[in-house]
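Visitor: Protein chains in written order, with the working numbering: chain C, 1 to 320; chain E, 321 to 437.
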Amino acid sequence: MAFTLMKFDHIDAKTVAEATSALGTYKGKAKIIAGGTELIGSLRTRILPDYPSALINIKTIPNLSYIKEESGMLKIGALTTITDIAASSVVKAKWSSLADAALAVGDPQLRNMGTIAGNLCQDVRCWYYTSPRNRFLCYRKGGPLCFAVTGDNRYNAILGGAVCFAVCPSDMAIPLGALGATVVTSKKSVAILDFFKVLGNALDSDEIITEIQVPTPATGTKQTFIKNRIRKSIDFALSSVATAITIASGNVTDARIVLGGVAPVPFRAVDAENVIKGKAITAALAADAGAAAVKNAVPLSGNKYLVQITKTLVKRAVLA
Amino acid sequence: MLNPKQLMSNMTGGVQNGMGYMLMEEMVYDQSTGVLLTNSALNYKLPTALDMPQEKFDMGLVEPWDPWGPFGAHGATEGISDPCAAVLSNAVYNAAGVRIKEGPLTPNRVLKALGKV
Numbered sequence: 001m002a003f004t005l006m007k008f009d010h011i012d013a014k015t016v017a018e019a020t021s022a023l024g025t026y027k028g029k030a031k032i033i034a035g036g037t038e039l040i041g042s043l044r045t046r047i048l049p050d051y052p053s054a055l056i057n058i059k060t061i062p063n064l065s066y067i068k069e070e071s072g073m074l075k076i077g078a079l080t081t082i083t084d085i086a087a088s089s090v091v092k093a094k095w096s097s098l099a100d101a102a103l104a105v106g107d108p109q110l111r112n113m114g115t116i117a118g119n120l121c122q123d124v125r126c127w128y129y130t131s132p133r134n135r136f137l138c139y140r141k142g143g144p145l146c147f148a149v150t151g152d153n154r155y156n157a158i159l160g161g162a163v164c165f166a167v168c169p170s171d172m173a174i175p176l177g178a179l180g181a182t183v184v185t186s187k188k189s190v191a192i193l194d195f196f197k198v199l200g201n202a203l204d205s206d207e208i209i210t211e212i213q214v215p216t217p218a219t220g221t222k223q224t225f226i227k228n229r230i231r232k233s234i235d236f237a238l239s240s241v242a243t244a245i246t247i248a249s250g251n252v253t254d255a256r257i258v259l260g261g262v263a264p265v266p267f268r269a270v271d272a273e274n275v276i277k278g279k280a281i282t283a284a285l286a287a288d289a290g291a292a293a294v295k296n297a298v299p300l301s302g303n304k305y306l307v308q309i310t311k312t313l314v315k316r317a318v319l320a
Numbered sequence: 321m322l323n324p325k326q327l328m329s330n331m332t333g334g335v336q337n338g339m340g341y342m343l344m345e346e347m348v349y350d351q352s353t354g355v356l357l358t359n360s361a362l363n364y365k366l367p368t369a370l371d372m373p374q375e376k377f378d379m380g381l382v383e384p385w386d387p388w389g390p391f392g393a394h395g396a397t398e399g400i401s402d403p404c405a406a407v408l409s410n411a412v413y414n415a416a417g418v419r420i421k422e423g424p425l426t427p428n429r430v431l432k433a434l435g436k437v
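1. Tell me the rounded alpha-carbon separation between C/V90 and E/L431.
2. List the residues of chain E that C/P144 touches, going by C-beta distances under 7 Å, in chain order.
3. Considering only C-alpha positions, which residue in the set C/Y26, C/F3, C/L79 and C/L23 is nearest to C/S42?
4. Determine whether the Cβ of E/M347 lies closer than 8 Å to any Cβ atom of chain C.
5. Hey, is the stretch 363-372 of chain E in contact with the stretch 401-416 of chain E, meaning 3+ C-beta pairs nearer than 8 Å?
6. Would C/E38 be called buried (16 or more neighbouring beta carbons within 10 Å of its own) or exposed?
7. So for C/M172, helix, strand or coil by DSSP?
8. With 16 as the cutoff for other CB atoms within 10 Å, does C/E207 come out buried or exposed?
9. Can you give the Cα-Cα distance for C/G114 and C/I76, rounded to whole angstroms?
10. Which class does E/V335 belong to by DSSP, given the choice of helix, strand or coil?
11. I want to verify the contact list: residues of chain D whose CB lies under 8 Å from the CB of C/P132, in sequence order.
12. What residue range does the alpha helix (DSSP H) around C/T83 cover?
13. So, for E/Y340: in the same chain, excluding its five sequence neighbours on each side, which residues have a beta-carbon less than 7 Å away from its beta-carbon?
14. Suppose only complete runs of 3+ residues qualify. What are the beta strand (DSSP E) ranges in the stretch 23-73 of chain C, listed by chain order?
15. Which first and last residues belong to the beta strand (DSSP E) in which C/V190 is found?
16. Taking the alpha-carbon of E/E422 as reference, which of E/F377, E/F391 and E/E346 has the nearest alpha-carbon?
17. Let's see if you can read the secondary structure: which residues bound the alpha helix (DSSP H) around C/I309?
18. Using three-state DSSP, classify E/A369 as helix, strand or coil.
19. For E/Y304, which residues from the same chain have a beta carbon less than 7 Å from its beta carbon, with the 5 sequence-adjacent residues on both sides left out?
20. Counting only runs that start and end within the stretch 179-223 of chain C, where is the alpha helix (DSSP H) found for 4 or more residues in a row?
21. Using C-beta distances below 6 Å, list every residue in its chain close to C/A99, excluding the 5 sequence neighbours before and after it, in chain order.
22. So what does C/V252 bridge to, in DSSP terms?
23. Provide the residue span of the alpha helix (DSSP H) that contains C/I116, from first to last.
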C-alpha cells in the first residue's frame, strides 16, 4: 500500500552546521534525508502520525563520505554507503565483521543508496508500527499500548523489551557494538551501545551523525557476524550475533558479544561473555555461552523460537 | 518440445514459486482487528535468487501426445508448483521425523513441531 507524497520543503544543506540549524528552525518537524531508502517508503505509506514539513538533504554536504585508518582507528564518514564499506579493503583487513554485516544489509540497490548513519538511525519495522496510514497508534507513536504484546509478535523482542517490543533493525550496529565503536555527532561523541534507546536514539532534534570511529581490535582478536533470516536477501535479521573474542595463549582474555534483531537495542550479552572469559573455547563452553546469552530472555506469546535460534547462533559464533 | 531451454527455466521458476509458498509466503492478519500485517513486499516474503538451491535441478522431459491440444500440443510447467509443499514437508519428515501439515515452514513452526519451543 503506497500513496503519493504530500507537500514538503526540500533543503539542500551545504555544511553540517546548515543542516543542524535547519533542523532547529523546523523544531522537530523536519527530517534528514541522505539515501532515502527508508524515509521515502515511510512517507509513502504514511506510517507516522505527523508528516514532516521539510526534508533536509545532507547528500550535498561535501567530504562526509570516506573510509580511512587514522591514529589507530577506523573512521567512516556519515554519508559512506553500505556498498563502499562492504567493498573497502581497509575495512576487510582489520574489521572483517563490519564488512560481513554490510553485505548482509538489504539488497545491492539499497546498499548503493543507504548510508552508514542512515542504517544506524533507521526506524523499527514492527508490523504494527509500520502499518500504512498509522493504522495502529502504538506506544512508540504516543499511543496507549504496544499492540504486539497481544497481537502477532513473531518478530518482536525477547530481550530487554519494556514499553515497546519492536526490535532494532540495524545490521551495522551489531558488529560496531562488538568492536566498541563510537558515534560522533555534530554535538558529542557517544559509545555505540549508548546511542540506541528503546524508543529511539541519543540524537537531539537538531543533531546529526557525522562520523563513526572503530578502534583497531587487539592482536589475536577473532571477529564474526552471523545473521539469521527467513529470506537470504532483502530481509531483516530474525536474530544476529557479532563477536569480538581476543585469545592469548589458548585462553579468552577479552570478549564482546552483541545480539541483534532480538531486542529494542543492540543487546550486549554480558552473561555469555563472562562464561567464556579466561577459558579455552570448546564446543561445550560455546553451548554454555549460548545458553547464558538467552538466560534472561522473556519471550512473548509467539516468539519463543527466537530464544532457540539466538542460543544456537551464539554457540556457532563463539566456535567460529 | 518447442523450446526445451525455456521449458526448463520455466520449471525452475515453478519450483521457486512452490518453494516460496511453502517456506516464506504467509498472509498474516491481526487477530483482533483483521488488518493484514504482511502488507508489503518486505513482510510478504517472496524468495529471491539467493534462496534457490545451489544444485542444478535434474529434470526429465517427456513428450506426450495430448489429444485435446492443437496438433497434440500440451502446456507444461504450471503443475510444477503443486507438489513443492508436500515435497518440502516430506523433507522435514525425513530429516527430523515430524510431520508438519501447515505452511509455510517457518523456523517457528518447525521448532514447535520438534517440541523445542
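Glycine residues also receive a C-beta, built at the ideal position from the N, C-alpha and C atoms.
Guide: With the given structure in hand:
1. When rounded, the distance between both Cα atoms is 40 Å.
2. Neighbours of C/P144 in chain E, taken as residues at a C-beta separation under 7 Å, are lacking, since the least C-beta distance is about 15 Å.
3. C/F3
4. Closer than 8 Å: no.
5. no
6. buried
7. coil
8. Of the residues assessed, C/E207 falls on the buried side of the cut-off, its CB having 16 or more other CB atoms within 10 angstroms.
9. Spanning the two alpha carbons is a distance of roughly 14 Å.
10. helix
11. The displayed structure is made up of protein chains C and E, and chain D is not among them.
12. Secondary structure note for C/T83: its alpha helix (DSSP H) is the uninterrupted segment I82 to A87.
13. Note on identity: in this sequence residue 340 of chain E is Gly, with Tyr being the wrong assignment. If we look at E/G340 and ignore the five residues flanking it on each side, its Cβ neighbours are L366 and P367.
14. Taking only runs of at least 3 residues, the beta strand (DSSP E) segments lying wholly in the stretch 23-73 of chain C are 30-33, 54-57 and 67-70.
15. S189 to A191
16. Among E/F377, E/F391 and E/E346, the Cα nearest to that of E/E422 is on E/E346.
17. Y305 to L319
18. Note: E/A369 maps to helix in three-state DSSP.
19. For residue 304 of chain E there is no data in the structure shown, the boundaries of chain E being 321 and 437.
20. List check, alpha helix (DSSP H) in window: 192-195.
21. A86, V91 and K92
22. In the DSSP output, where bridge partners are listed per residue, C/V252 has C/I247.
23. I116 to C121
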